[in-house]
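>
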Amino acid sequence: MASLFKAPPTPREQMRQQQRALRGEVRSLQRDKTDLERQEKQIEAEIKKAAKANNMAQAKLLAKQLIRLRKQKEKNMTVQSQINGIGYRTQAIQSQVAMGKAMSGATKVISLVMKKQHPYAMVGANKQMDLMKMQKQMQDFAEQNAQMDMKEEMMNDAIDNVMDEDEDEEEGENIMNAVLDEIGISVGQSLADAPRTALPSAKGKARESNKSEEDELQARLDSLLKGA
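Using my numbering, you'd call the opening residue of the sequence shown number 112 and step up by one each time.
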């Protein structure tokens with residue numbers, strides 16, 4: 112019942128509530144950024160692991176996941192910038208509203224004084240009031256333009272998402288190749304540090320093969336001589 116008789120919030124209170132909500136959204140986006148950075152490092156490590164195991168199919172899938180994650184990071188940064196811009200515009204509007212109230216109060220006082228002293232000067236005061244009304248209309252128009260800009264940004268993001276799907280394959284190859292280059296350097300270093308063992312030469316293998324064949328022929332010959 113108390114809420115039914117509660118006075119509606121003033122424009123100043125509404126501005127403050129909006130600013131608190133915007134600050135909360137910015138903090139939430141910052142937490143998401145930290146989480147995405149952690150996931151990015153984890154996926155990079157998994158790509159390296161798959162590449163070392165020569166599992167190229169898994170490496171490609173992980174590279175695509177890495178692309179989507181990095182694009183999500185970029186979108187979050189863009190949204191955070193937009194929210195900060197909305198906060199700045201809200202502060203500017205709040206300042207304009209406060210200035211408008213101050214000018215309105217001053218205009219009323221001046222009108223009363225001039226009405227007593229110079230009745231004909233009320234024409235100028237009425238013009239001043241018309242100017243205030245025009246400023247209010249311009250302010251409303253600016254707010255509507257800001258809302259339209261935000262809607263247009265959202266539409267552009269949706270279109271970009273559809274267009275970027277065709278580029279994921281090529282970008283995935285580039286990311287995977289970059290990771291493989293990094294893996295190649297580390298693997299080369301590890302091979303250089305590994306102990307080297309002498310491998311049998313081709314000539315040595317041939318001599319061993321010929322010797323075994325000669326021994327077999329000699330054994331057959333000895334068997335025939337014994338039987339004769």
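We put the beta carbon where it would ideally sit given N, CA and C, even for glycine.
All values reported here derive from a predicted model rather than from experimental measurement.
Mark Ala170 as exposed unless 16 or more other C-beta atoms lie within 10 angstroms of its C-beta, in which case mark it buried.
Taking the first residue of the sequence shown as 1, we reach residue 170 at position 59. It is buried - the Cβ of Ala170 has at least 16 other Cβ atoms within 10 Å.
> How many angstroms separate the CA atom of Ala156 from the CA atom of Ser192?
Within the sequence shown, residue 156 is the residue found at index 45, counting from 1. Within the sequence shown, residue 192 is the residue found at index 81, counting from 1. Roughly 30 Å between the two C-alpha positions.
> Please tell me whether Ile346 and Ala174 are closer than 7 Å, where the distance is taken between their beta carbons.
Absent from the model: residue 346. The displayed extent of the chain is 112 to 339, so no value can be given.
> Please tell me whether Val137 and Ile194 are closer than 7 Å, where the distance is taken between their beta carbons.
Position 26 of the sequence shown, counting from 1, holds the residue named residue 137. Position 83 of the sequence shown, counting from 1, holds the residue named residue 194. Yes, they are a contact pair.
> So what's Thr80 in DSSP terms, helix, strand or just coil?
Past the edges of the chain, shown from 112 to 339, lies residue 80, and the structure says nothing about it.
> Quick one, which of Gln128, Asp326, Ala164 and Arg179 has its alpha-carbon nearest Glu148's?
Walking along the sequence shown from the start, residue 148 turns up at place 37. Taking only the C-alpha atoms, the option nearest Glu148 is Arg179.
> Would the beta-carbon of Leu133 fall within 7 Å of that of Asn187?
As a first step, residue 133 must be located in the sequence shown, where it is residue number 22. As a first step, residue 187 must be located in the sequence shown, where it is residue number 76. No. Outside cutoff.
> Out of curiosity, what's the CA-to-CA distance linking Ala162 and Asn288?
Taking the sequence shown and counting its residues from 1, one reaches residue 162 at position 51. Taking the sequence shown and counting its residues from 1, one reaches residue 288 at position 177. Cα to Cα, Ala162 sits roughly 10 Å from Asn288.
> Using a threshold of 7 Å, state whether the C-beta atoms of Gln176 and Ile154 are closer than that.
Here residue 176 refers to the residue found at position 65 of the sequence shown. Here residue 154 refers to the residue found at position 43 of the sequence shown. Cβ atoms of Gln176 and Ile154: closer than 7 Å.
> With DSSP run on the structure shown, which of helix, strand or coil describes Lys117?
For the purposes of this step, residue 117 is taken as the residue at position 6 of the sequence shown. In the structure shown, Lys117 sits in coil (DSSP, three-state: anything other than H, G, I, E or B).
> Using alpha carbons as the reference points, say which of Asn165, Thr189, Lys117 and Glu124 lies closest to Lys144.
Position 33 of the sequence shown, counted from the start, is the residue given in the question as residue 144. Residue Thr189 is the option with its Cα nearest to Lys144.
> Taking the C-alpha atoms as reference points, what is the distance between Gly135 and Glu124?
Residue mapping note: residue 135 aligns to position 24 of the sequence shown, counting from 1. Residue mapping note: residue 124 aligns to position 13 of the sequence shown, counting from 1. Between Gly135 and Glu124, the C-alpha separation is close to 17 Å.
> To the nearest whole angstrom, what separates the beta carbons of Glu151 and Arg181, a pair I think is in contact under 8 Å?
By one-based count along the sequence shown, residue 151 stands at place 40. By one-based count along the sequence shown, residue 181 stands at place 70. About 7 Å separates the two Cβ atoms, so the contact holds.
> I need the DSSP call for Ala164, collapsed to helix, strand or coil.
For the purposes of this step, residue 164 is taken as the residue at position 53 of the sequence shown. Note: Ala164 maps to coil in three-state DSSP.
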